[in-house]
Amino acid sequence: MTVQMKKVALITGGNRGLGIETARQLGSLGYTVLLGARNQEKGAEAAAKLQAQEIDAHCIELDVTDQATIDAAAGLITTKYGKLDVLINNAGIGVMHKFTELSVADLKRSFDTNFFGAFAISQAMLPLIEKSDAPRIVNISSSIGSLTLHSDPASGIYPFKALAYSSSKTALNQLTTHLAFTLKHTPAKVNSVCPGFVATDFNNGYGDLTPEQGSRIIVQYATLAQDGPTGGFFNEQGVIPW
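This is the structure we're talking about:
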């Protein structure tokens, strides 16, 4: 299988946690996986681990809050691959302060990575995505971004009021609907997915699921058949209300 024939996937925050596990699973399916990483050394180490498992993995320097690295990544992918079949907006930060303890600076920091970063990446990669025969975009969201669940006292989400994180994921879900609309005349599928409460560095090792378990739904929506949904919000149980 040549590089030109293989599907190419870019995963932001791809050097650890859900990112590297998603890369491993997609790579095992025959995808070329590009690990977007702010730290090139750590990204190269992660790629080497996957290469040792006979996965076609490569590090690409990418900071979703730095437009120069985004533009450089898009240029590199254009030159080397000429298309992008899968974009997984996985990079994120967890600002979990209570409303009364939250600063404007922390709120902005959450949006810079979780929303504006995903927007900037998606916009820069759009010409490459449009060159794919069956493009897939997966935005890694969270059920605590659901306005419906936050408004329902009977919901298990109701008590988890971390404004910076949850509102940035709500905004990310809106990005999903707008990207799906933008690409509605193409074969693209664009969805938000919640992988669940996964034990990674992001959660300081706390969580009900392993990265392997949490990544399954990401891979599922990254490899949707052509009759699959687009513009939706899902977890392993099905549709999450907006």
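Sequential numbering of the sequence shown, starting at 285, is according to the working numbering.
Where a beta carbon is used, it is the ideal one built from N, C-alpha and C, also for glycine.
Just so we're clear, the structure is a prediction, and the values are computed from it rather than from any experiment.
DSSP places V388 within a helical segment (H, G or I) once states are collapsed to three.
By the neighbour-count definition (other C-beta atoms within 10 Å, threshold 16), A321 is a buried residue. DSSP places K473 inside the beta strand (DSSP E), whose first and last residues are K473 to V477. Scanning V477, I413, L431 and T432 for the CA closest to the CA of T470 turns up I413.
Here the alpha carbon of Y315 sits roughly 9 Å from the alpha carbon of R308.
C-alpha of L391 to C-alpha of H434: approximately 18 Å in a straight line. According to the DSSP assignment, H342 belongs to the beta strand (DSSP E) that extends over A341 to E345.
Note that the C-beta distance between G516 and N475 is below 7 Å.
Rounded to whole angstroms, S499 and L302 show a C-alpha spacing of 6 Å. Here N519 is bridged, per DSSP, to G522. For the options L313, Y505, Q510 and Q351, the alpha carbon positioned closest to that of N519 is the one of Y505. Rounded to the nearest angstrom, the gap between the Cα atoms of S430 and I405 is 23 Å. Contact between L371 and I344 does not hold, since the beta-carbon distance rounds to 12 Å and is not under 8 Å. A straight line joining the alpha-carbon of P495 with that of L294 spans about 18 Å.
For G320, the pairing in a beta bridge is given by DSSP as I344.
The C-beta of G298 has 16 or more other C-beta atoms within 10 Å across all chains shown, which makes the residue buried. Taking all protein chains shown into account, D369 has 16 or more neighbouring C-beta atoms within 10 Å of its C-beta and is therefore buried. Counted as a single uninterrupted DSSP element, the stretch harbouring N374 is not any beta strand (DSSP E), since DSSP gives it neither H nor E.
When DSSP assignments are scanned along the stretch 419-444, the uninterrupted stretches of beta strand (DSSP E) that are 3 or more residues long and fall wholly within it turn out to be 420-424. For K473, the closest alpha carbon among the candidates V422, I428, L447 and Y449 is that of V422.
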